[in-house]
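Asker:
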Amino acid sequence: MRTLIENNDSKVQRARQRVEKLKGFYINLVLYLIFVPFFIYLNVISTSFPWAIFPIVGWGLGILGHATDAFGWSLFFGKNWEERKIRQFIEEEERYY
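Using UniProt numbering, you'd call the opening residue of the sequence shown number 1 and step up by one each time.
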């Protein structure tokens, strides 16, 4: 009975962590959408050099990274890659020992 409660607690804790990640991502995205026009406006009134592109692209790449973390995307390893590797290593260890 205790393990059932512990399992539910860990599920709730993981769900809360995911919610916090999503919340952080959406806050970051809203701030980005607010500041991009501000950067463009400052660029238009200040110089002819398009300096605003640097913070816009840099912050955009940061948002992309934040999204991969918040939504659990993996650009290189694919979905459930870690779990498959863990199972593979356990099976290999069981065969050899």
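Cβ coordinates follow ideal geometry from the N, Cα and C atoms, glycine included.
What did DSSP end up calling A70 once you bin it into helix, strand or coil?
Answerer: helix
Asker: Out of N8, I56, I63, state which residue places its alpha-carbon closest to the alpha-carbon of F39.
Answerer: I56
Asker: Between F25 and the rest of its own chain, which residues show a CB-CB distance below 7 Å, the 5 nearest in sequence each way excluded?
Answerer: H66, A67, A70
Asker: Please report the straight-line C-alpha distance between L42 and K23, rounded to a whole angstrom.
Answerer: Approximately 29 Å, taken between the alpha carbons.
Asker: Could you have a look at Y97 and say whether DSSP puts it in helix, strand or coil?
Answerer: coil
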